[in-house]
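Quick notes on the structure that follows.
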Amino acid sequence: MFNTQVRVASVPSSHVYVRHLSTPDASSQVTRLPDPVPADGRKVPGGWWPPVMLDPDWIARHHDDFDLMHVHFGFDAIGPDTMRAIVDELERHGKPLVYTLHDLRNPHHPTPGDHEKVLDVLVPAATELVTLTPGAAEVIERRWSRTASVLPHPHVVPRVRFPASPTVGEEFVVGVHAKSVRPNMDPLPVISTLTDAAASYPDVVIQVNLHSEVFEPGSHWYNPEFGSAALSLGGRPATRVVVHDYFSDDELWDYLESLAVSVLPYRFGTHSGWLEACHDLGTAVIAPSCGFYRDQRECELFDFTEDRYDAESLVQALDRSYRRVPTPPTWTQRRSERAWIAAEHDRLYARCLDA
48 MFNTQVRVAS VPSSHVYVRH LSTPDASSQV TRLPDPVPAD GRKVPGGWWP
98 PVMLDPDWIA RHHDDFDLMH VHFGFDAIGP DTMRAIVDEL ERHGKPLVYT
148 LHDLRNPHHP TPGDHEKVLD VLVPAATELV TLTPGAAEVI ERRWSRTASV
198 LPHPHVVPRV RFPASPTVGE EFVVGVHAKS VRPNMDPLPV ISTLTDAAAS
248 YPDVVIQVNL HSEVFEPGSH WYNPEFGSAA LSLGGRPATR VVVHDYFSDD
298 ELWDYLESLA VSVLPYRFGT HSGWLEACHD LGTAVIAPSC GFYRDQRECE
348 LFDFTEDRYD AESLVQALDR SYRRVPTPPT WTQRRSERAW IAAEHDRLYA
398 RCLDA
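Encoded structure:
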């Protein structure tokens with residue numbers, strides 16, 4: 048497909064989603080530049096923060112080092128003027144821009160306006176657009192009159208952790224992972240409904256996990272009121288609350304495998320890497336009706352948005368999940384899918400460079 052190696056300035060490159068856009072055997076002719084390290088060395092789970100490449104000055108200095116730029120995540124703190132300067136600098140040097148729209152609504156922003164202003168720059172300027180689901184592609188077509196290629200999310204869990212068969216424990220553990228309670232999360236009404244519903248089952252346990260930084264003064268995520276409210280729920284029957292630091296990857300896979308069901312307490316959102324990890328491990332998911340989670344992978348839905356919450360729909364989703372044992376994909380299936388996704392990206396990059 049390519050006569051020479053294609054160099055992609057990927058923003059970022061170290062995130063698991065982006066790493067798994069390459070073929071499993073690393074045979075692709077596409078090379079993604081490593082994430083440059085910020086001067087202050089700041090790092091977040093999944094990569095370096097903020098992305099150094101998202102800077103018109105960086106592009107001006109390094110445009111000879113790459114053939115095209117592919118933006119995924121990392122522009123939470125970048126305004127539309129800066130994004131326009133980035134687009135202009137790419138155009139100045141004849142570098143195509145690919146944008147994978149993961150989030151129509153930024154889960155880290157309490158209101159949509161800032162993110163939408165940046166999308167209004169990125170989406171029209173992109174040479175090629177990608178998104179993960181048909182539903183998101185329909186919104187892109189309707190809002191910006193652009194056609195996006197729909198390519199699914201590749202596997203998240205590494206090969207060695209794929210289960211041979213579903214794990215069945217003595218307890219039917221329903222997990223609500225509050226993490227650090229980012230702006231799109233509203234776990235308390237979800238947890239309250241689930242703890243009430245658990246009384247109808249002989250073996251259902253509701254497990255609430257949250258990060259210790261919620262209780263740490265000075266942390267960006269310091270939220271003692273929520274933390275105290277969550278801890279108080281641990282006094283209810285068949286309910287436990289676990290406070291911990293960020294999981295390592297292996298700790299996260301162990302945690303997800305320990306669950307029968309993971310409930311996503313999101314008031315708004317679009318797609319989910321968490322859902323993909325659960326899919327890999329055979330853990331059922333109950334997702335909110337906002338976003339396009341059911342488009343992304345098989346899951347149960349409950350009615351949960353910024354404006355609505357139907358508690359009975361969550362009770363019914365729990366009951367359906369309790370009666371069904373999910374079948375995890377095999378590594379062979381996910382490996383084949385990943386190879387196809389990588390080939391589709393190769394074709395997409397070729398179209399950009401031939402344009």
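Throughout the sequence shown, residue numbering follows my numbering, covering 48 to 402 in sequence. A virtual CB, placed ideally from N, CA and C, is assigned to each residue, including glycine.
CA-to-CA distance, residue j to residue i, given in whole angstroms
i: V84; j: H119; result: 17 angstroms
i: A195; j: V177; result: 5 angstroms
i: H258; j: A225; result: 8 angstroms
i: S266; j: E260; result: 6 angstroms
i: G316; j: N153; result: 7 angstroms
i: Y269; j: F262; result: 6 angstroms
i: P234; j: D366; result: 19 angstroms
i: V220; j: H326; result: 16 angstroms
i: Y293; j: E347; result: 27 angstroms
i: V77; j: W95; result: 21 angstroms
Contact under 8 angstroms by Cβ, residue i with residue j
i: N256; j: H200; result: no
i: A285; j: V237; result: no
i: F349; j: D342; result: no
i: V168; j: R206; result: no
i: T180; j: V197; result: yes
i: V63; j: S57; result: no
i: L115; j: Y396; result: yes
i: A107; j: V134; result: no
Status (buried if at least 16 other CB within 10 Å, exposed otherwise) for residue i
i: P81; result: exposed
i: G141; result: exposed
i: S383; result: exposed
i: E138; result: exposed
i: A331; result: buried
i: V372; result: exposed
i: V91; result: exposed
i: P264; result: exposed
i: A211; result: exposed
i: E323; result: buried
i: Y254; result: Correcting the residue type first, residue 254 is Gln in the shown sequence and not Tyr. Buried.
i: P98; result: buried
i: P249; result: exposed
i: T70; result: buried
i: H155; result: exposed
i: P230; result: exposed
i: E175; result: buried
i: T242; result: buried
Residue i versus the options, residue with shortest Cα-Cα distance
i: Y146; options: E218, P59 and P159; result: P59
i: P363; options: S239, A244 and S336; result: In the sequence as displayed, the identity of residue 363 is Gln instead of Pro. With distances taken between Cα atoms, Q363 lies closest to A244.
i: W191; options: T377, V170, I125 and A397; result: V170
i: I388; options: H202, S305 and E345; result: H202
i: E217; options: L68, H67 and S305; result: S305
i: D112; options: M232, V53 and L361; result: V53
i: L328; options: T78, L299, S75 and A172; result: L299
i: I333; options: W96, P312, T352 and P375; result: P312
i: V289; options: S247, D297 and S227; result: S227
Which of helix, strand or coil DSSP assigns to residue i
i: L68; result: coil
i: M130; result: helix
i: H200; result: coil
i: V84; result: coil
i: K90; result: strand
i: P335; result: strand
i: K226; result: strand
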